[in-house]
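I have placed the structure first, in the form of structure tokens, so that the comments after it can refer back to it.
Residue numbers (the working numbering): 6 to 383.
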């Protein structure tokens, strides 16, 4: 085994509980140390003799740096705070033995996979439970709005957003990987988007990553790669406001105007954020006496970054980069034809936080995502 020095530099921003990633030459990382202190880390092979290393920088002041030593080799088995449990309807995510959320794959009332709940910092769900897990006082509308999910409303003429008559579906096909370690849990899957007859339309490679972080700053990440299914030819994503690639439906106590929508441009609530383009969007509000929020960050590598937002005062927040005719009063057409054999990529991070966007330091956390600390190898 050999050692590699890593220097992590904060840049111009204070960093706290910040995930970092670096590629290294070697099959994996056996351990990571800062001085004599062992640092939780997690590595995965990338092929061609390289690996990806991820760890959490707990605190790093702007302008400062820290040095680590990575020991290359086979990752040692270690106690993990995160655990994944396969169950009849999906995969449960546990942290320190407590169930955080479940990724539902085959829940009978749902047309697509979804996560529920998204836990706020105080142990309550900040996403709506209806229709499968109804809570007192929740709005009972749009039963296809399922906490945190992936969908879109017009794919080769099929509605793969709603659950109205004639809607399409998504089916989990297989796992590429299910892993839980000291830094993150990984759910890497193949998903098929199907027409209302069940015929394949899109093949999706979907990756969820959930970091082992304190309750005050939990992070979900989604990687979504869409390709036309074999034999389908080109796939048309129609211009409709009905849908968004990544979506959140907050619990009803957070609905605006009792709650608050904010975006990266400073827009507030539906009138200033619906149909607007922004690097991130945040929804916050009261849940059982505490003000909490959820932000969705778009990434520069996403198709049509920064996205437009279909976000409503009644609790929906979704990234929709196709519904331009609705957002621009007909001046633009957002229809896109995905050529056969090509892949459309989306990358998002979901941040669960206390307070509103200001108190939760959403802008800072967004830059952790798109401008992470720099890592010098050697």
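Think of the CB as a built atom: it goes at the ideal place given N, C-alpha and C, for glycine as much as any other residue.
Return helix, strand or coil for residue i, following the three-state DSSP convention.
| i | result |
| --- | --- |
| residue 386 | Given that the chain is displayed from residue 6 to residue 383, the structure contains no residue 386 and the question cannot be resolved. |
| residue 138 | coil |
| residue 37 | strand |
| residue 367 | helix |
| residue 95 | strand |
| residue 232 | strand |
| residue 326 | coil |
| residue 388 | This structure does not reach residue 388, given that the chain is present from 6 up to 383, and the question cannot be answered. |
| residue 257 | helix |
| residue 177 | strand |
| residue 374 | helix |
| residue 210 | strand |
| residue 158 | strand |
| residue 67 | coil |
| residue 269 | coil |
| residue 298 | strand |
Run the CB neighbour count on residue i, radius 10 Å, all protein chains shown included, and call it buried at 16 or more, exposed below.
| i | result |
| --- | --- |
| residue 81 | exposed |
| residue 26 | exposed |
| residue 92 | exposed |
| residue 294 | exposed |
| residue 311 | buried |
| residue 323 | buried |
| residue 20 | buried |
| residue 199 | buried |
| residue 10 | exposed |
| residue 15 | buried |
| residue 149 | buried |
| residue 325 | buried |
| residue 7 | exposed |
| residue 165 | buried |
| residue 169 | exposed |
Going by C-alpha to C-alpha distance, which of the options sits closest to residue i?
| i | options | result |
| --- | --- | --- |
| residue 372 | 336, 191, 301, 337 | 301 |
| residue 314 | 305, 298, 331, 109 | 331 |
| residue 262 | 351, 345, 288 | 288 |
| residue 366 | 10, 267, 275 | 267 |
| residue 380 | 42, 50, 60, 7 | 60 |
| residue 258 | 298, 21, 105 | 298 |
| residue 307 | 333, 227, 149, 340 | 227 |
| residue 50 | 65, 252, 334, 34 | 34 |
| residue 94 | 106, 148, 113, 251 | 113 |
| residue 276 | 270, 318, 248, 296 | 318 |
What whole-angstrom Cβ distance do residue i and residue j have, given they're in contact under 8 Å?
| i | j | result |
| --- | --- | --- |
| residue 54 | residue 30 | 6 Å |
| residue 123 | residue 190 | Not quite, the Cβ-Cβ distance comes to about 14 Å (not below 8 Å), so this is no contact. |
| residue 370 | residue 353 | No, residue 370 and residue 353 are not in contact; Cβ-Cβ is about 13 Å, not under 8 Å. |
| residue 87 | residue 217 | 5 Å |
| residue 119 | residue 153 | 6 Å |
* Counting pairs of Cβ atoms below 8 Å between the region 203 to 213 and the region 72 to 92, do you hit three or more? -> no
Inter-stretch contact (C-beta, 8 Å, three-pair minimum) for the region 192 to 204 and the region 159 to 178: Contact between the region 192 to 204 and the region 159 to 178 is present: 3 or more CB-CB pairs across the two stretches fall below 8 Å.
**Prompt:** Is the region 236 to 245 touching the region 40 to 50, taking contact as three or more C-beta pairs under 8 Å?
**Reply:** By the Cβ criterion, the region 236 to 245 is not in contact with the region 40 to 50, since fewer than three pairs of Cβ atoms, one from each stretch, lie closer than 8 Å.
*asked:* Three Cβ pairs or more, each shorter than 8 Å: is that satisfied between the region 132 to 145 and the region 154 to 169?
replied: no
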